[in-house]
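Written out below as structure tokens is the structure these notes cover.
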Amino acid sequence: MPRAVIQAPVSLHRFGELLKYLRRRARMTQRELAIEVGYSEVHLSRLEGTYRPPDEQTLLALFVPALDLDDAPELVTRLLELAVAGREQSAPTHAGDGGRSVAAEALEALEAVPLPPTGAVVRSDLLQRLGERLAHERVLAVCAMPGMGKTTLVAALARDQAALRPIFWLTLTVGVTATVSAVVRQLASFLLAHGQMQVLPILPRSENTSSALTLDEQIALLSGALTRLAWLKISSHAAPFGGLPLLCFDNVHLVQDDPTIMQVLHHLAAATPAALLLISRDDVPLPGIATLHVKGLERAEGRLLIAQLRALDAPLAERLLDKTGGNPLLLRLALGLFDNQDDHAGMIAHLEQMPQIADLLNAIVRQLSMPAAHLLALIAVFRQPINVYDPALHDLLQPADGIPDLALARTELQRRRLLDHPSQAALHPLLREYVYAGLAADGQRKQRL
73 MPRAVIQAPV SLHRFGELLK YLRRRARMTQ RELAIEVGYS EVHLSRLEGT
123 YRPPDEQTLL ALFVPALDLD DAPELVTRLL ELAVAGREQS APTHAGDGGR
173 SVAAEALEAL EAVPLPPTGA VVRSDLLQRL GERLAHERVL AVCAMPGMGK
223 TTLVAALARD QAALRPIFWL TLTVGVTATV SAVVRQLASF LLAHGQMQVL
273 PILPRSENTS SALTLDEQIA LLSGALTRLA WLKISSHAAP FGGLPLLCFD
323 NVHLVQDDPT IMQVLHHLAA ATPAALLLIS RDDVPLPGIA TLHVKGLERA
373 EGRLLIAQLR ALDAPLAERL LDKTGGNPLL LRLALGLFDN QDDHAGMIAH
423 LEQMPQIADL LNAIVRQLSM PAAHLLALIA VFRQPINVYD PALHDLLQPA
473 DGIPDLALAR TELQRRRLLD HPSQAALHPL LREYVYAGLA ADGQRKQRL
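The sequence shown runs 73 to 521 under our numbering.
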């Protein structure tokens with residue numbers, strides 16, 4: 073049967089139109105692509121309507137390999153350009169549509185808990201530990217460097233507990249949902265969905281209006297509604313957690329410099345009975361918050377993930393696990409590159425040079441201050457763990473090394489989950505190789521380090 077004629081990309085001027093074209097080009101259904109990138113089918117359908125396009129890093133890490141665009145840089149560039157334009161045009165609103173109620177529009181605005189990516193491995197021990205920590209702590213940050221599976225882990229717990237308690241999920245995205253007004257509106261929509269009509273004053277009547285309430289007044293309404301919902305659930309549930317609401321916020325590292333959003337999160341944690349899971353690349357600076365640090369896959373889990381995605385000889389699989397540190401995203405990206413490489417062993421040896429992986433590693437390094445980046449480079453030149461507390465290291469450092477305050481640089485690397493044990497400092501294998509390779513451009517500095 074002949075394939076349907078697909079519109080040429082030159083005539084597509086919206087992100088959603090191009091995404092739909094690329095999906096069809098890859099011969100994928102919406103459901104297949106949604107599963108591949110870990111989105112719900114409803115969310116993907118909204119993306120094809122140019123509703124809140126993902127950020128550049130998400131597109132490069134998830135959509136480009138899923139749509140088989142590794143050898144199509146022009147299409148990737150166009151997709152990124154249209155995503156930027158789409159994000160600028162799709163600020164969240166509750167515009168009226170033919171007399172539809174604000175409540176109906178609010179219900180549609182709720183984000184679904186993300187689906188697991190294709191071949192996702194259930195990390196049973198870690199999932200159990202997360203559940204136990206949440207039950208004990210109530211407010212918990214789940215932190216790790218990019219790609220370690222934080223979102224997949226928390227989403228698995230949310231799905232497991234969906235029958236026991238109301239679940240709220242919000243992915244914070246710069247320029248879209250990473251604003252205090254968007255956070256407050258989404259929370260109000262969630263509460264409205266569970267019958268808490270007192271939050272209606274928070275929701276604007278049209279795209280041209282906003283709530284007349286102050287932020288403190290909106291927070292008070294949310295707090296009261298959450299408390300009321302919690303008590304209603306407690307009185308009607310014999311289940312664990314008493315049916316208390318679980319509020320999940322992804323990408324919290326994007327809003328840590330926004331005092332108003334952090335004020336909302338702090339109030340939710342301190343003044344409501346709801347449970348909170350805050351997913352972040354960096355440690356979350358909220359008073360008294362507990363933290364679960366997510367590491368790479370256990371060896372057996374990593375082998376299982378590789379086996380589900382691609383048949384590899386055992387020695388190659390072990391080398392790939394060593395090189396990626398069991399990072400699920402890096403494993404997926406690496407396995408996706410194997411189709412275009414004959415020398416798999418050589419590719420693994422130089423994995424940090426592969427464009428998609430190098431882009432992700434570069435994004436990690438770019439976020440650092442100069443002193444922290446210089447300390448990262450210093451650690452990278454060592455093949456063995458070093459003691460960053462060692463007084464001899466302090467004595468060796470000179471102004472030219474660019475680390476005026478070693479303690480501050482060390483603290484930043486720890487906060488960003490790039491350094492776990494300063495007394496035995498070692499970097500993620502791929503990050504170390506990437507940073508070390510970057511020193512080649514400055515031979516004198518490399519030699520000194």
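Just so you know, even glycine gets a beta-carbon here, dropped at the ideal spot from N, CA and C. Bear in mind that the values here come from a model prediction, so they are computed numbers and not experimental data.
Straight-line spacing of the CA atoms in alanine 481 and leucine 377 works out to 35 Å. For lysine 222, the CB contacts under 6 Å within the same chain, skipping 5 residues up- and downstream, are Val214, Ala216, Ile351, Val366 in chain order. Considering only Leu94, His115, Glu183, the residue with the shortest C-alpha distance to glutamate 146 is Leu94.
Boundaries of the beta strand (DSSP E) harbouring leucine 319: 318-322, taken from the DSSP string.
In the three-state scheme derived from DSSP, where H, G and I count as helix and E and B as strand, leucine 384 is classed as coil. Under the DSSP assignment, histidine 338 falls in the alpha helix (DSSP H) whose first and last residues are 331-343. In the three-state reduction of the DSSP assignment, valine 327 falls in the helix class, which pools H, G and I.
As DSSP reads the structure, leucine 350 sits in a beta bridge with Ala213, Phe321. Between the beta-carbon of leucine 206 and that of leucine 340 there is about 15 Å, and that puts the pair past the 8 Å contact cut. Per DSSP, the unbroken beta strand (DSSP E) holding phenylalanine 240 starts and ends at 239-243.
Three or more Cβ pairs closer than 8 Å define a contact, and the region 373-391 falls short of that threshold against the region 489-507. Selection Thr483, Ala184, Pro400 evaluated against alanine 133 yields Pro400 as nearest (Cα-Cα). In this structure, the alpha-carbon of glutamate 104 lies about 10 Å from that of alanine 98. The bridge partners DSSP lists for isoleucine 291 come to none.
Taking 7 Å as the cut-off, the beta carbon of glycine 121 is found closer than this to the beta carbon of glycine 88. Annotated three-state conformation of alanine 254 is helix, per DSSP. For leucine 511, there is no enclosing beta strand (DSSP E), as DSSP marks it with neither H nor E.
With a cutoff of 7 Å on beta-carbon distance, threonine 299 and threonine 243 are scored as not near each other.
The DSSP assignment places complete beta strand (DSSP E) segments of no fewer than 3 residues inside the region 356-421 at 362-365, in order along the chain. The beta carbon of lysine 92 lies closer than 8 Å to those of Glu120 in the same chain, with the five residues before and after it left out. DSSP places isoleucine 475 in the coil class of the three-state scheme, outside both helix and strand.
DSSP places alanine 498 outside both helix and strand once states are collapsed to three, so it counts as coil. Take the alpha-carbon of aspartate 492 and the one of glutamate 484: they are about 11 Å apart. Short of 7 Å from the beta carbon of proline 457, and not among the five residues preceding or following it, lie these beta carbons of its own chain, in chain order: Gln496, Ala497, Ala498. Residue pairing for isoleucine 458: DSSP places it in a beta bridge opposite Ala497.
For the 7 Å CB-CB criterion, glycine 418 and glycine 398 do not form a contact. Measuring C-alpha to C-alpha distances from isoleucine 274 to each of Thr286, Gly267, Arg201 identifies Thr286 as the nearest.
Between the region 233-247 and the region 323-343 there are three or more inter-stretch CB-CB distances shorter than 8 Å, so the stretches are counted as touching.
Taking a 10 Å sphere around the C-beta of proline 443, we find 16 or more other C-beta atoms and assign the residue as buried. A distance below 6 Å between beta-carbons, with the five flanking residues on each side excluded, links leucine 263 to the following residues of its chain, in chain order: Val271, Ala297. In this structure, proline 189 sits away from glycine 408, with a CB-CB distance that is not shorter than 7 Å.
Taking every protein chain shown into account, the CB of threonine 224 has 16 or more other CB atoms within 10 angstroms, so this residue is buried.
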